[in-house]
Every structure is written in structure tokens, then in C-alpha cells.
Amino acid sequence: MTQVLEFSRLVERTLNALADVLGADGAALMLLDDQNRLRAIGGSDDDGRRLELLQEQIGAGPAIESLTHGVDVAVNDLYAARPFGFPGLAAGVSGVRAVLSVPLRVEEQLIGTLNFYDRISHEWQPSKVQTGEGLGRLMVMVLQTLAHNSPISGKS
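Be aware that the sequence shown starts at -7, since it is given in this note's numbering, and climbs by one per residue.
Right, dumping it as C-alpha cells:
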């Protein structure tokens, strides 16, 4: 239990730092489980955690689209009509308006998504999307390091 709590704290701190680097209001993480289902792992705050849990429950949202197509998904306003927004998702996460979801890969295999969000709607500039991609690669390195140092791996 202590190891799970420590992992959660490390993920939350990492997500906060990544959001700060991008200049986003928050960040959240979803990873594929052993049955290839996208699961909410954590968020930098309650809005991020709610965003991920709701996407997991309804099976729709920027993270789902990003993972399905293996591409960045930039949503300028969740409240916009489809295909530009996700109004069904927006109703459950009123504190989130703009979302950038970047796919996470290990050796070309998709493992999840890193999601940045803001509380106001806006267009995601190409430079921010590119930075988000780089932060996604950094998140993968953090996850690999945590897995390598886990007592479960036998290398702690």
C-alpha cells in the first residue's frame, strides 16, 4: 500500500511539473492495462483526475482519440460540437475547457496518453503541441525509471 501511495505522489508531482513547463493549468495520465483498456492513472488536481476517470467510463474523449489514432489531439473547447469538441465529456468536467492529448510510446508501441488542460478555451499553438510531445517522451522515461526501480522488478 505504501508503494502505491508513493507511486501516486511521484506521478502527481511529475504531472504538476510537466503542466508548469507547458504553461497549462494541469496534466493527467492514462495508461493501457494488461487487457489494452485505457485507465486513469492520475492527475495534477481533481479536474485532471475527473477528466481521465470520465473518459475511462464513457469511452470517449481526447485521450481515447489520441490512443485510437496514435496522434496528438488538440481540443480548443470541449464544449464545441463534435468533431471539434466533446460536449458529453465537458458536462462532467466543468473546470476543463481546452485539452491537448499526446500519445505515449515505448519503442513505437502505444502505452497511454499524457493530457494537458486549461480552464479557458483557446487554440493550441503548434509550439505548445510540440513541447507537449517532448514532455510525453519525458513522462515515458519517468515511468520506465519508476518501473525499473520498483520492488516488483527486483531491481530496487
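Using N, Cα and C, we set each Cβ at its ideal position, and we do this for glycine too.
Please report the distance separating the alpha-carbon of residue i from that of residue j.
{"i": "P95", "j": "R1", "result": "22 Å"}
{"i": "G87", "j": "E99", "result": "35 Å"}
{"i": "A19", "j": "S93", "result": "9 Å"}
{"i": "R5", "j": "M131", "result": "12 Å"}
{"i": "L23", "j": "G15", "result": "23 Å"}
{"i": "G124", "j": "V3", "result": "17 Å"}
{"i": "V(-4)", "j": "V121", "result": "31 Å"}
{"i": "D110", "j": "Q117", "result": "13 Å"}
{"i": "T137", "j": "F(-1)", "result": "12 Å"}
Do residue j and residue i count as a contact pair if the criterion is CB distance below 9 Å?
{"i": "A52", "j": "G80", "result": "yes"}
{"i": "D64", "j": "S113", "result": "no"}
{"i": "V155", "j": "D17", "result": "Since the first residue of the chain shown is -7 and the last is 148, residue 155 is not available in this structure."}
{"i": "N141", "j": "L21", "result": "no"}
{"i": "G34", "j": "L7", "result": "yes"}
{"i": "R89", "j": "Y71", "result": "yes"}
{"i": "E48", "j": "R29", "result": "yes"}
Using CA atoms only, rank isn't needed, just tell me which of the options is closest to residue i.
{"i": "R42", "options": "A82, L24 and A11", "result": "A82"}
{"i": "V174", "options": "V132, G128 and I50", "result": "The structure shown does not extend to residue 174, since the chain is modelled only from -7 through 148, so no value can be given for it."}
{"i": "A170", "options": "T60, A73 and G77", "result": "The question about residue 170 has no answer, for the chain in this structure spans -7 to 148."}
{"i": "R31", "options": "E125, G104 and Q(-5)", "result": "G104"}
{"i": "D60", "options": "T(-6), G126, A73 and Q101", "result": "The question names Asp, but residue 60 is Thr in the sequence shown. Comparing Cα-Cα distances from T60 to each of T(-6), G126, A73 and Q101, the minimum goes to Q101."}
Helix, strand or coil for residue i, going by three-state DSSP, please let me know.
{"i": "Q(-5)", "result": "helix"}
{"i": "S113", "result": "coil"}
{"i": "L150", "result": "Not covered by the structure: residue 150. The range shown for the chain is -7 to 148."}
{"i": "G18", "result": "strand"}
{"i": "R74", "result": "coil"}
{"i": "N8", "result": "helix"}
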